[in-house]
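Asks: If you scroll down you'll find the structure; I have some questions about it.
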Amino acid sequence: MFNALLLTQDDAGVASANITQIDDSQLPEGDVTVAVEYSTVNYKDGLCLSPKGGGLVRNYPHVGGIDFAGTVEASDDPRYAPGDKVVLTGWRVGEVHWGGYAQKARVKADWLVPLPEGLTPRQAMAVGTAGFTAMLAVMALEDHGLTPDKGEVLVTGAAGGVGSVATAILANLGYDVAGVTGRPDTEGYLTDLGISRVVPREELSETTKRPLEAETWAGCVDAVGGPMLARVLGQMKYGGSVSAVGLAGGANLPATVIPFLLRGVNLLGIDSVMQPYDNRLRAWKRVASDLPMDKLEAMIKPAVLADLPQLGADILEGKVKGRVVVDVN
Ligand code: NDP
8 MFNALLLTQD
18 DAGVASANIT
28 QIDDSQLPEG
38 DVTVAVEYST
48 VNYKDGLCLS
58 PKGGGLVRNY
68 PHVGGIDFAG
78 TVEASDDPRY
88 APGDKVVLTG
98 WRVGEVHWGG
108 YAQKARVKAD
118 WLVPLPEGLT
128 PRQAMAVGTA
138 GFTAMLAVMA
148 LEDHGLTPDK
158 GEVLVTGAAG
168 GVGSVATAIL
178 ANLGYDVAGV
188 TGRPDTEGYL
198 TDLGISRVVP
208 REELSETTKR
218 PLEAETWAGC
228 VDAVGGPMLA
238 RVLGQMKYGG
248 SVSAVGLAGG
258 ANLPATVIPF
268 LLRGVNLLGI
278 DSVMQPYDNR
288 LRAWKRVASD
298 LPMDKLEAMI
308 KPAVLADLPQ
318 LGADILEGKV
328 KGRVVVDVN
């Protein structure tokens, strides 16, 4: 028997979470059983933990946790053997398949990657889906020609998970990083991560009728979407690119096509869930080499399974700073 944070639904369709003892026979089908060491809390975890499952969880009882790191306990797949350290992000684990909020998980071997060299399971989950996606976003900007000499790079939702990791990576790579935050009290934290200036959220949250503003940003990692992304598009330098990662500020995009047509701006979609295996390995390798581990350590808020319902609610309200690391044991 082992512990899981089990989500169950009442007759009114409202889900609640309780730490429950379950056994191996209750785990879903899969090739590899993993003794989970750490999981984390991403924005999507907040949705899955919410009373209606955020439109993502279809079946209850359910175990959330969209990512985890741990040690292979049993494997029917030749790529993994007991004792191997592994990481999982994406593939709708924690949404439609049981995830990492338990001491064991059973998944498809295709969904796993070996723990990247140079990272511990705890560090891998401090990065987690949010940080892995931040790396994908930076790689996409680089693939579209961004280099530190091109000018200032903006990170929106800077004090959140995606934003914190993107900031630390970009600053370490030599970029001049500006960060948008709605929490002025995080300025010291962001400065320590390497930000050179804070842009108050109010400055970019109002819509404008002007499709183009002063050319300001050479690149942007956007975790916010909505009206803020529309404003950022109009402020991009000629030929600059925006990696669209998130929707913490809304899914609508009240923009015009003018920045694309007159300034050759690129809007790059970033999806972490279905990333091909080779690009996952590339991104994790880059995380291990380009994210300073002391900066990662400064982002960590430690937690245990019992903290998750509250943390899930907090992240949906934009109250979580940096990255939560959940020790499931
Ligand atoms: P966090 O909550 O940790 O970060 C989001 C940040 O956005 C907040 O910390 C806050 O930053 C800012 N924010 C919150 N609400 C608003 C608002 N109404 N207007 C403007 N800014 C706001 O979440 P994550 O970092 O885990 O995820 C960020 C986004 O990225 C989410 O939308 C998530 O779904 C998405 N995502 C997408 C992935 C993909 O594959 N495309 C993978 C991972 C995440 P501050 O306080 O500094 O203003």
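Going by my numbering, the first residue of the sequence shown is number 8, and it counts up by one from there.
All C-beta atoms, glycine included, are put in the ideal place defined by N, C-alpha and C.
Could you name the residues of the same chain whose beta carbon sits closer than 7 Å to that of residue 5, not counting the 5 residues immediately before and after it, in chain order?
Replies: Residue numbering for the chain in the displayed model covers 8 to 336; residue 5 lies beyond these limits and cannot be assessed.
Asks: Does DSSP put residue 108 in a helix, in a strand, or in coil?
Replies: By 1-based counting over the sequence shown, the position of residue 108 is 101. Three-state result, residue 108: coil.
Asks: So is residue 52 buried or exposed if we call it buried at 16+ other beta carbons inside 10 Å?
Replies: By one-based count along the sequence shown, residue 52 stands at place 45. Burial call: buried.
Asks: What is the C-beta distance between residue 172 and residue 226, in whole angstroms, given that I count them as a contact (C-beta under 8 Å)?
Replies: On the sequence shown, position 165 is the one that residue 172 refers to. On the sequence shown, position 219 is the one that residue 226 refers to. About 16 Å separates the two Cβ atoms, so there is no contact after all.
Asks: Just to confirm, are residue 235 and residue 256 a CB contact at a threshold of 9 Å?
Replies: Start at 1 with the first residue of the sequence shown, and residue 235 comes out as number 228. Start at 1 with the first residue of the sequence shown, and residue 256 comes out as number 249. A contact, by the Cβ cut-off of 9 Å.
Asks: When DSSP labels each residue in this structure, what does residue 29 get in the three-state scheme?
Replies: Within the sequence shown, numbered from 1, the residue matching residue 29 stands at position 22. Correct three-state label for residue 29: strand.
Asks: In three-state DSSP terms, what is residue 220?
Replies: By 1-based counting over the sequence shown, the position of residue 220 is 213. Residue state, collapsed to three classes: coil.
Asks: Would you check if the stretch 196–203 and the stretch 159–168 touch, i.e. whether three or more CB-CB distances between them fall below 8 Å?
Replies: Yes, the stretch 159–168 touches the stretch 196–203.
Asks: Let me confirm a value: residue 65 is counted as buried when at least 16 other C-beta atoms fall within 10 Å, else exposed. Which label applies?
Replies: Taking the sequence shown and counting its residues from 1, the one referred to as residue 65 is at position 58. With fewer than 16 other Cβ atoms within 10 Å, it is exposed.
Asks: Three or more beta-carbon pairs under 8 Å between the stretch 100–111 and the stretch 137–152, yes or no?
Replies: No, the stretch 100–111 is not in contact with the stretch 137–152.
Asks: Using C-beta distances below 8 Å, list every residue in its chain close to residue 282, excluding the 5 sequence neighbours before and after it, in chain order.
Replies: Sequence index remark: in the sequence shown, residue 282 carries index 275 (1-based). These residues qualify, in order along the chain: 97, 143 and 290.
Asks: For residue 46, which residues from the same chain have a beta carbon less than 7 Å from its beta carbon, with the 5 sequence-adjacent residues on both sides left out?
Replies: If you number the sequence shown from 1, residue 46 lands on position 39. For residue 46, where only same-chain residues beyond five positions count, the Cβ hits under 7 Å are 72, 74, 75, 107, 108, 132, 333 and 335.
Asks: Measuring from the CB of residue 254, is there a heavy atom of the ligand NDP at a distance below 8 Å?
Replies: Taking the sequence shown and counting its residues from 1, the one referred to as residue 254 is at position 247. True, at least one ligand heavy atom lies under 8 Å from that Cβ.
Asks: Under a Cβ-count criterion, where at least 16 other Cβ atoms within 10 Å of its own Cβ denotes burial, should residue 229 be classed as buried or exposed?
Replies: Position 222 of the sequence shown, counted from the first residue, corresponds to residue 229. Flag for residue 229 reads buried.
Asks: The ligand SAH heavy atoms versus the CB of residue 165: any closer than 8 Å?
Replies: In the structure on display, the ligand SAH does not appear, and the ligands it does have are the ligand NDP.
Asks: What is the DSSP secondary structure of residue 115, reduced to helix, strand or coil?
Replies: Counting from 1 along the sequence shown, the entry for residue 115 is found at position 108. Looking at residue 115 - three-state DSSP - the assignment turns out to be coil, as it is neither helix nor strand.
Asks: Among the residues of its own chain, which have a CB less than 6 Å from the CB of residue 231, if the five just before and after it don't count?
Replies: The sequence position of residue 231 within the sequence shown is 224, counting from 1. For residue 231, where only same-chain residues beyond five positions count, the Cβ hits under 6 Å are 163, 164, 255 and 256.
Asks: In its own chain, which residues sit with a C-beta less than 6 Å from the C-beta of residue 250, not counting the 5 before and 5 after it?
Replies: What you label residue 250 is simply residue 243 of the sequence shown in a count that begins at 1. Cβ within range, chain order: 144, 147, 148, 228, 275 and 277.
Asks: Spell out a yes or no on whether the stretch 298–308 and the stretch 150–159 are touching, meaning 3 or more CB-CB pairs, one atom from each, closer than 8 Å.
Replies: Touching, no.
Asks: Does DSSP put residue 279 in a helix, in a strand, or in coil?
Replies: Residue 279 sits at position 272 when you count from the first residue of the sequence shown. It is coil, neither helix nor strand.
Asks: Residue 67 and residue 22 look like a contact to me (Cβ under 8 Å); what is the Cβ gap, rounded to whole Å?
Replies: For the purposes of this step, residue 67 is taken as the residue at position 60 of the sequence shown. For the purposes of this step, residue 22 is taken as the residue at position 15 of the sequence shown. Sure, about 6 Å apart at Cβ, within 8 Å.
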